[in-house]
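To start, the structure itself, in C-alpha coordinates.
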Amino acid sequence: MDYFLGIHVLVVEGKLDLDAPMETYLTRWKLPKSEFDHSKATIKTLLSHTSGLIEDIGYAGFGPGEKVRTIEESLTNAADGYYEGAAAKIDHEPGSKNTYSVAGYTILQLIIEEVCGASFQEYLTEKVFVPLQMNNSTFDIATKPNAVIAQRYTDEGTIAPRYKFTVLAATSLYTTTEDLSRFMITHVSKNKLLSKEVITMMSEPFAFRNDISIHGMGPTI
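Residue numbers (the working numbering): 28 to 248.
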(Lines of atoms letter the chains of each structure in order from A and count residues from 1; the text may use other names and numbers.)
(Lines give C-alpha, C1' and ligand atoms only; values in the text may rest on other atoms or scores of the structure.)
Protein backbone atom coordinates (compact mmCIF):
# COMPACT_ATOMS: atom_id res chain seq x y z
CA MET A 1 0.00 0.00 0.00
CA ASP A 2 2.83 2.37 0.78
CA TYR A 3 3.96 2.20 -2.83
CA PHE A 4 0.96 4.15 -4.11
CA LEU A 5 1.33 6.76 -1.38
CA GLY A 6 4.97 7.10 -2.45
CA ILE A 7 3.85 7.52 -6.07
CA HIS A 8 1.39 10.28 -5.15
CA VAL A 9 4.04 12.11 -3.11
CA LEU A 10 6.19 12.16 -6.26
CA VAL A 11 3.19 13.53 -8.19
CA VAL A 12 2.67 16.27 -5.59
CA GLU A 13 6.38 17.14 -5.86
CA GLY A 14 6.03 17.46 -9.64
CA LYS A 15 8.42 14.58 -10.37
CA LEU A 16 5.87 12.20 -11.86
CA ASP A 17 2.99 12.52 -14.32
CA LEU A 18 0.13 10.06 -13.80
CA ASP A 19 -0.80 10.23 -17.48
CA ALA A 20 2.71 9.54 -18.76
CA PRO A 21 3.51 6.10 -20.22
CA MET A 22 5.27 3.95 -17.64
CA GLU A 23 8.22 3.48 -20.00
CA THR A 24 8.92 7.23 -19.77
CA TYR A 25 10.56 6.59 -16.40
CA LEU A 26 12.23 3.24 -17.04
CA THR A 27 15.92 2.96 -17.93
CA ARG A 28 17.03 -0.12 -15.96
CA TRP A 29 14.42 -2.41 -17.54
CA LYS A 30 12.04 -2.28 -20.50
CA LEU A 31 8.77 -4.03 -21.27
CA PRO A 32 9.09 -6.93 -23.72
CA LYS A 33 7.70 -6.14 -27.17
CA SER A 34 4.07 -7.04 -27.74
CA GLU A 35 1.27 -6.48 -30.23
CA PHE A 36 -0.23 -3.77 -28.01
CA ASP A 37 0.41 -0.02 -27.77
CA HIS A 38 2.66 0.38 -24.71
CA SER A 39 2.14 4.15 -24.64
CA LYS A 40 -1.36 3.48 -23.27
CA ALA A 41 0.16 1.75 -20.24
CA THR A 42 0.49 4.81 -18.02
CA ILE A 43 1.27 5.32 -14.33
CA LYS A 44 -2.47 5.77 -13.83
CA THR A 45 -3.21 2.36 -15.36
CA LEU A 46 -0.55 0.74 -13.16
CA LEU A 47 -2.19 2.18 -10.05
CA SER A 48 -5.64 1.00 -11.11
CA HIS A 49 -4.60 -2.43 -12.46
CA THR A 50 -5.71 -1.57 -16.00
CA SER A 51 -2.24 -1.52 -17.61
CA GLY A 52 -2.68 -4.71 -19.63
CA LEU A 53 0.07 -6.48 -17.66
CA ILE A 54 -0.11 -10.24 -17.17
CA GLU A 55 -2.34 -11.14 -14.26
CA ASP A 56 -0.48 -13.31 -11.77
CA ILE A 57 3.24 -14.05 -11.63
CA GLY A 58 3.41 -15.07 -8.00
CA TYR A 59 6.54 -13.78 -6.26
CA ALA A 60 6.55 -16.30 -3.40
CA GLY A 61 9.77 -14.90 -1.94
CA PHE A 62 13.09 -16.41 -0.91
CA GLY A 63 13.76 -18.45 2.21
CA PRO A 64 16.71 -18.23 4.61
CA GLY A 65 19.96 -18.71 2.70
CA GLU A 66 18.43 -18.12 -0.72
CA LYS A 67 19.66 -15.30 -2.95
CA VAL A 68 17.18 -12.49 -3.50
CA ARG A 69 16.95 -11.48 -7.17
CA THR A 70 17.12 -7.90 -8.42
CA ILE A 71 13.99 -6.11 -9.63
CA GLU A 72 15.20 -6.37 -13.22
CA GLU A 73 15.82 -10.11 -12.90
CA SER A 74 12.39 -10.67 -11.35
CA LEU A 75 10.59 -8.71 -14.05
CA THR A 76 12.46 -10.62 -16.76
CA ASN A 77 12.11 -14.08 -15.21
CA ALA A 78 10.82 -14.37 -11.65
CA ALA A 79 12.76 -17.15 -9.90
CA ASP A 80 10.10 -17.17 -7.16
CA GLY A 81 7.18 -17.08 -9.60
CA TYR A 82 4.36 -19.60 -9.62
CA TYR A 83 5.48 -21.11 -12.91
CA GLU A 84 8.59 -21.48 -15.06
CA GLY A 85 9.42 -18.41 -17.12
CA ALA A 86 7.12 -16.06 -15.19
CA ALA A 87 7.77 -12.58 -16.58
CA ALA A 88 6.20 -9.13 -16.62
CA LYS A 89 4.64 -8.43 -20.00
CA ILE A 90 1.58 -6.81 -21.51
CA ASP A 91 -0.78 -9.53 -22.72
CA HIS A 92 -3.98 -7.55 -23.35
CA GLU A 93 -4.97 -4.05 -24.43
CA PRO A 94 -4.03 -1.40 -21.82
CA GLY A 95 -7.14 0.24 -20.39
CA SER A 96 -9.47 -2.51 -21.62
CA LYS A 97 -10.14 -4.20 -18.28
CA ASN A 98 -9.22 -4.39 -14.60
CA THR A 99 -6.77 -7.23 -13.99
CA TYR A 100 -4.88 -7.46 -10.70
CA SER A 101 -1.15 -7.60 -11.44
CA VAL A 102 1.63 -7.80 -8.89
CA ALA A 103 4.01 -7.13 -11.77
CA GLY A 104 2.47 -3.65 -11.87
CA TYR A 105 3.46 -3.11 -8.24
CA THR A 106 6.99 -4.22 -9.08
CA ILE A 107 7.24 -1.75 -11.96
CA LEU A 108 5.94 1.05 -9.71
CA GLN A 109 8.63 0.11 -7.18
CA LEU A 110 11.24 0.38 -9.92
CA ILE A 111 9.81 3.70 -11.15
CA ILE A 112 10.05 5.16 -7.62
CA GLU A 113 13.72 4.16 -7.47
CA GLU A 114 14.41 5.53 -10.95
CA VAL A 115 12.74 8.88 -10.29
CA CYS A 116 14.02 9.58 -6.78
CA GLY A 117 17.49 8.07 -7.18
CA ALA A 118 17.33 6.07 -3.95
CA SER A 119 16.30 2.58 -2.93
CA PHE A 120 12.61 1.87 -2.36
CA GLN A 121 13.32 1.31 1.35
CA GLU A 122 15.20 4.62 1.70
CA TYR A 123 12.58 6.64 -0.16
CA LEU A 124 9.55 5.22 1.68
CA THR A 125 11.31 5.65 5.03
CA GLU A 126 12.03 9.33 4.33
CA LYS A 127 8.75 10.25 2.65
CA VAL A 128 6.20 8.03 4.43
CA PHE A 129 7.39 6.23 7.57
CA VAL A 130 9.15 9.19 9.22
CA PRO A 131 6.50 11.88 8.50
CA LEU A 132 3.68 9.55 9.62
CA GLN A 133 5.67 8.37 12.66
CA MET A 134 5.45 4.76 11.50
CA ASN A 135 8.38 3.95 13.75
CA ASN A 136 7.99 0.17 13.58
CA SER A 137 7.62 -0.17 9.82
CA THR A 138 10.22 -1.30 7.30
CA PHE A 139 10.68 -3.28 4.11
CA ASP A 140 14.06 -4.54 5.29
CA ILE A 141 14.23 -5.96 8.81
CA ALA A 142 18.02 -5.65 8.81
CA THR A 143 17.63 -1.86 8.88
CA LYS A 144 15.42 -2.00 12.00
CA PRO A 145 16.50 -4.98 14.10
CA ASN A 146 14.73 -3.62 17.20
CA ALA A 147 11.42 -2.85 15.51
CA VAL A 148 8.34 -4.33 17.16
CA ILE A 149 6.53 -5.93 14.24
CA ALA A 150 3.71 -8.41 13.80
CA GLN A 151 4.76 -12.07 13.85
CA ARG A 152 4.01 -14.38 10.93
CA TYR A 153 2.50 -17.82 11.58
CA THR A 154 1.87 -21.00 9.62
CA ASP A 155 -1.59 -22.52 9.16
CA GLU A 156 -0.74 -24.86 12.04
CA GLY A 157 -0.12 -21.94 14.40
CA THR A 158 3.68 -22.25 14.60
CA ILE A 159 6.01 -19.32 13.98
CA ALA A 160 6.85 -19.08 10.28
CA PRO A 161 10.25 -18.05 8.93
CA ARG A 162 10.47 -14.58 7.48
CA TYR A 163 10.99 -14.73 3.75
CA LYS A 164 12.86 -12.08 1.81
CA PHE A 165 11.37 -10.49 -1.28
CA THR A 166 12.40 -8.64 -4.38
CA VAL A 167 8.89 -7.29 -4.75
CA LEU A 168 8.91 -5.04 -1.68
CA ALA A 169 5.99 -2.88 -2.83
CA ALA A 170 3.61 -5.83 -2.96
CA THR A 171 4.78 -8.27 -0.33
CA SER A 172 7.39 -7.09 2.14
CA LEU A 173 6.01 -4.44 4.50
CA TYR A 174 6.78 -5.36 8.11
CA THR A 175 4.63 -3.24 10.40
CA THR A 176 2.24 -3.10 13.35
CA THR A 177 -1.47 -2.45 13.74
CA GLU A 178 -0.71 0.99 15.19
CA ASP A 179 1.54 1.99 12.28
CA LEU A 180 -0.91 0.63 9.74
CA SER A 181 -3.66 2.70 11.37
CA ARG A 182 -1.54 5.84 10.96
CA PHE A 183 -1.16 4.98 7.30
CA MET A 184 -4.89 4.45 6.79
CA ILE A 185 -5.81 7.70 8.54
CA THR A 186 -3.64 9.54 6.01
CA HIS A 187 -6.14 8.62 3.30
CA VAL A 188 -9.22 10.04 5.02
CA SER A 189 -8.07 13.18 6.83
CA LYS A 190 -5.91 16.27 6.38
CA ASN A 191 -2.22 15.49 6.70
CA LYS A 192 1.25 16.77 5.83
CA LEU A 193 1.74 14.46 2.85
CA LEU A 194 -1.41 14.75 0.74
CA SER A 195 -3.88 17.54 0.09
CA LYS A 196 -7.63 17.01 0.26
CA GLU A 197 -7.75 17.21 -3.54
CA VAL A 198 -5.19 14.42 -3.94
CA ILE A 199 -6.95 12.22 -1.38
CA THR A 200 -10.24 12.71 -3.25
CA MET A 201 -8.60 11.93 -6.59
CA MET A 202 -7.04 8.73 -5.24
CA SER A 203 -10.44 7.46 -4.16
CA GLU A 204 -12.38 8.29 -7.32
CA PRO A 205 -13.42 5.20 -9.32
CA PHE A 206 -11.13 4.56 -12.27
CA ALA A 207 -11.32 0.81 -12.89
CA PHE A 208 -14.55 -1.14 -13.14
CA ARG A 209 -15.61 -4.77 -13.35
CA ASN A 210 -19.17 -5.59 -14.43
CA ASP A 211 -19.95 -1.87 -14.04
CA ILE A 212 -18.88 -2.01 -10.39
CA SER A 213 -16.03 0.28 -9.29
CA ILE A 214 -12.98 -1.74 -8.24
CA HIS A 215 -9.98 0.60 -8.02
CA GLY A 216 -9.14 4.26 -7.73
CA MET A 217 -5.63 5.65 -8.14
CA GLY A 218 -4.13 2.97 -5.91
CA PRO A 219 -6.71 2.20 -3.24
CA THR A 220 -9.20 -0.61 -3.72
CA ILE A 221 -12.74 0.76 -3.59
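All residues carry an ideal CB built from backbone N, CA and C; glycine is no exception. All values reported here derive from a predicted model rather than from experimental measurement.
Decide if residue 132 is buried, meaning its Cβ has at least 16 other Cβ atoms within 10 Å, or exposed. As a working mapping, residue 132 is identified with position 105 in the sequence shown. Buried, by the Cβ-count rule.
Buried or exposed for residue 199, please, with buried defined as at least 16 other CB atoms from any protein chain shown within 10 angstroms of its CB. The residue given as residue 199 occupies position 172 in the sequence shown. Residue 199 is buried by the Cβ-count criterion.
With DSSP collapsed to three states, give me the class of residue 201. As a position in the sequence shown, residue 201 is number 174, starting the count at 1. Note: residue 201 maps to strand in three-state DSSP.
According to DSSP, simplified to helix, strand and coil, what is residue 247? Counting from one through the sequence shown, the residue named residue 247 turns up at place 220. The answer is strand: DSSP assigns residue 247 an E or B state.
Check whether the segment 30-42 touches the segment 85-98, counting contact only when three or more Cβ pairs, one atom from each stretch, lie closer than 8 Å. With a cut-off of 8 Å, the segment 85-98 and the segment 30-42 do not count as touching, because too few Cβ pairs lie within range.
For the candidate residues 171, 138, 188 and 233, whose alpha-carbon lies nearest to that of residue 51? As a first step, residue 51 must be located in the sequence shown, where it is residue number 24. The candidate whose alpha carbon is nearest that of residue 51 is 138.
Between the beta-carbon of residue 104 and the beta-carbon of residue 114, is there less than 7 Å? Along the sequence shown, read from residue 1 onward, the residue named residue 104 stands at position 77. Along the sequence shown, read from residue 1 onward, the residue named residue 114 stands at position 87. For residue 104 and residue 114, yes; Cβs fall inside 7 Å.
So what's residue 241 in DSSP terms, helix, strand or just coil? If you number the sequence shown from 1, residue 241 lands on position 214. Residue 241 carries a strand assignment under DSSP once its states are collapsed to helix, strand and coil.
Buried or exposed by the 16-neighbour rule on C-beta atoms within 10 Å, applied to residue 202: The residue given as residue 202 occupies position 175 in the sequence shown. By the Cβ-count criterion, residue 202 is buried, with 16 or more other Cβ atoms from all chains shown falling within 10 Å of its own Cβ.
Please report the straight-line C-alpha distance between residue 205 and residue 63, rounded to a whole angstrom. Along the sequence shown, one-based indexing puts residue 205 at 178. Along the sequence shown, one-based indexing puts residue 63 at 36. Their Cα atoms are separated by approximately 43 Å.
Are residue 55 and residue 99 close, meaning C-beta to C-beta below 7 Å? Translated into positions along the sequence shown, residue 55 becomes position 28. Translated into positions along the sequence shown, residue 99 becomes position 72. At a Cβ-Cβ threshold of 7 Å, residue 55 and residue 99 count as neighbours.
Rounded to the nearest angstrom, what separates residue 84 and residue 70 at their Cα positions? Within the sequence shown, the letter at position 57 stands for residue 84. Within the sequence shown, the letter at position 43 stands for residue 70. Answer to the nearest angstrom: the Cα atoms are 20 Å apart.
Taking DSSP as the reference, what is the three-state secondary structure of residue 185? Here residue 185 refers to the residue found at position 158 when the sequence shown is read from its first residue. Here DSSP, grouped into helix, strand and coil, assigns residue 185 to coil.
Report buried or exposed for residue 157, applying the criterion of at least 16 other Cβ atoms within 10 angstroms of its Cβ. On the sequence shown, position 130 is the one that residue 157 refers to. So residue 157 ends up on the exposed side.
Residue span of the beta strand (DSSP E) that contains residue 235, given as start and end: As a position in the sequence shown, residue 235 is number 208, starting the count at 1. From DSSP, the beta strand (DSSP E) with residue 235 extends over 234-236.
For residue 227, does the three-state DSSP call read helix, strand or coil? One-based indexing of the sequence shown puts residue 227 at position 200. Reduced to three states, the DSSP call for residue 227 is helix.
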